[in-house]
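Heads up, the thing below is written out as structure tokens.
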């Protein structure tokens, strides 16, 4: 407990909480966007994250220059997931919108298993690793403490993505249509909007964010089969705490999960997992639709 | 891009499923139930481990099988989960009518399977799980353990700690049976150095930020770790920017000295840490080891072979020797035959202790160093501790 009174130690932990939160936010925001508009709980979002990581791995092997391989790989992860998502939404998922929710859940769960096996066939069952991109492998002196450059990058990238999405949702025509689709899709159809295209775009963008999140998580973790299973749980916790469908809700949820994971481990050691779930229960009891979520009765 | 080596490994498993797992049934087969993780994060260990089984089985069947019968393995995926593994074990016994169980990976999973073996009175041969609880607190006469157990590993760690001049030691591992048993064994064997702090993290966690900060601030000069697989890989990558490996000495168990781990991490692998491995393809060993490596290289399609196959290869050879000696796979007679049994393995003669059913299996330990121009670190020099 002496350590917790050390300002540098607390600062590093606070920064770690933000870095973890922001990496998870990039992934979870895609899940919440998709749910908000399509009303589909996409279990395969974690599998999309995993594919993003593997795509980056391939690009770092194709390009000899590590920086080119990494950054082009990160963009390629987004593009690949966008293409996969377009195919999945247009040719498979679209047939299930009018069916019961259970079928959608079963479909996305089936996708998890199929993608898991395909990645194992393509990239094998063994673990892989990708180094930090050049320029991001050291630590930066922040005055109070040294802090890893790559984590600082993640801490900055999270809010940039959040602001970018917010501007698009609030100030563009497509943003207004997407917001309208969240609240009343029948009315939008009646007004002659191409709701099909809205659904495709949201699913593609949401899934591309999962791919980017997977690519950016790679320098800090092992690329291995099953790497999607923990991430999808974290993402669900974030969107439930923040409010299903709420972009800023997932931002807040991600920070809360980051703090409870990092400080939970520090203070409660092996009881850390309980802290997160207790938080989830409290939020659900206090605000069943999440901290910034819209109650279901306000939707049409 | 298709990675030929990895795809090849996966292909071997598919082959195993269709040729070894689902054979044409005949009265002249001896069925052994295998419990290994072949999906999720456990596949990185389960699939190479199955290669060892394939290698040993092929050798046995080419030499006429066992007690006049062809040996067949029926493989089930444990998904690295105790509940899945125990359900699969029951299914193997009741539906597939296997006569012996073989596996699993991860101590918690194997302990669950061991309960099934005990209730069903069927021999379970554990080639990989290290917890001494298997053959200690939870011992029953049907369990046999050919892995290097936590007593042997803890003893090696204590010897190395003294050798490298450790004074105060911090220990860290996943919060489950293996790490707890290992550190208990280390503490008992330590002569001189003391354990000043213990940090256990949630099993399977992928974020080690809090642990890294704790280790950076801890007043220990040496860290002894047991976080394994993808967890170790993530820990190293997250700890490197903080310069943790330059600030303290490190002794790390859980087979992180394997060639596959060094190959995954390449230049990110912390140079100078002491690590262990069951086998090393580059070890200049006895002719039996060379012969085993050549056969494995042929099977895996790569000279730089994986570490896990030797564990299951030796396990199957023990089982085969036991069945041959007993003249049957019937549990009670097989138990008697296995107790005290000695066989020659690629790494020397090994014996099953008749009292606790443990095999005197050791592991290679040594500092990980750069060798030549390669950015894949080697254990140099490797020393066998048993």
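Protein chains in written order, with the working numbering: chain A, -11 to 288; chain B, 943 to 1328.
Backbone N, C-alpha and C fix where the C-beta goes; we use that ideal spot for every residue, glycine too.
query: Reduced DSSP category for residue 987(B) - H, G, I as helix; E, B as strand; rest coil; result: helix
query: Residue 946(B) - DSSP class collapsed to helix/strand/coil; result: Residue placement at residue 946(B) cannot be trusted, given a pLDDT of 43 that sits under 50; the coordinates are not used to answer.
query: Proximal residues to residue 1160(B) (C-beta, below 6 angstroms), its chain only, five neighbours per side dropped; result: 1112 and 1139
query: Within 8 angstroms of chain B by C-beta, residues of the region -8 to 3 of chain A in sequence order; result: -6, -3, 0 and 1
query: Closest Cα partner of residue 1240(B) within the set 1016(B), 993(B) and 1009(B); result: 993(B)
query: Sequence-distant residues of its chain with Cβ nearer than 6 angstroms to residue 5(A) (five each side left out); result: 246, 247 and 250
query: Whether residue 1023(B) touches residue 1051(B) by CB criterion (8 angstroms); result: yes
query: Residues near residue 1200(B) by beta carbon distance below 6 angstroms, same chain, minus five either side; result: 1219 and 1249
query: Selected residue, minimal CA-CA separation from residue 1120(B), among 1082(B), 1077(B) and 1152(B); result: 1077(B)
query: First through last residue of the beta strand (DSSP E) which encompasses residue 290(A); result: Because chain A spans -11 through 288 in this model, residue 290(A) falls outside it and cannot be assessed.
query: Classification of residue 24(A) by the beta-carbon crowding that lies within 10 angstroms, buried from 16 upward; result: buried
query: Chain A contacts made by the region 1149 to 1161 of chain B, where a contact means CB separation under 8 angstroms; result: 1149, 1151, 1152, 1153, 1155, 1156 and 1159
query: Test: residue 986(B) CB closer than 8 angstroms to a CB of chain A; result: yes
query: is_contact[residue 1202(B), chain A] using C-beta, thresh 8 angstroms; result: yes
query: CB contact below 8 angstroms: residue 1210(B) versus chain A; result: yes
query: Length-filtered (4 minimum) alpha helix (DSSP H) runs lying within the region 151 to 220 of chain A; result: 161 to 171, 173 to 178 and 183 to 205
query: Alpha helix (DSSP H) runs contained entirely in the region 1071 to 1125 of chain B, provided each spans 4 or more residues; result: 1092 to 1105
query: Best match in 1019(B), 1260(B), 1224(B) and 1263(B) for proximity to residue 1246(B) [C-alpha to C-alpha]; result: 1224(B)
query: Endpoints, the beta strand (DSSP E) within which residue 1165(B) is located; result: 1164 to 1167
query: Contacts of residue 1184(B) in chain A (Cβ-Cβ under 8 angstroms); result: 127, 134 and 136
query: Counted within 10 angstroms of its Cβ, other Cβ atoms place residue 973(B) as buried (16 or more) or exposed; result: buried
query: Members of the region 157 to 186 of chain A near chain B, C-beta cut-off 7 angstroms; result: none
query: Presumed contact (8 angstroms Cβ cut-off) between residue 1001(B) and residue 1016(B), rounded CB distance; result: Not a contact, Cβ separation roughly 19 angstroms.
query: Given residue 1107(B) as reference, the closest of 1163(B), 1233(B) and 1288(B) once Cα atoms are compared; result: 1163(B)
query: Interface residues of chain A facing residue 1180(B) [CB-CB closer than 7 angstroms]; result: 208
query: Residue 3(A): first and last residue of the uninterrupted alpha helix (DSSP H) it sits in; result: -5 to 26
query: Alpha-carbon spacing of residue 229(A) relative to residue 1177(B), whole angstroms; result: 28 angstroms
query: Limits of the beta strand (DSSP E) - the one that residue 59(A) falls within; result: Per DSSP, residue 59(A) belongs to no beta strand (DSSP E); it is in the alpha helix (DSSP H), 54 to 79.
query: Extent of the continuous beta strand (DSSP E) run through residue 1294(B); result: That residue, residue 1294(B), is in no beta strand (DSSP E); it is neither H nor E in DSSP.
query: Chain A contact for residue 1176(B) (CB, 8 angstroms cutoff); result: yes
query: Residue 260(A) - containing alpha helix (DSSP H), residue span; result: 260 to 274
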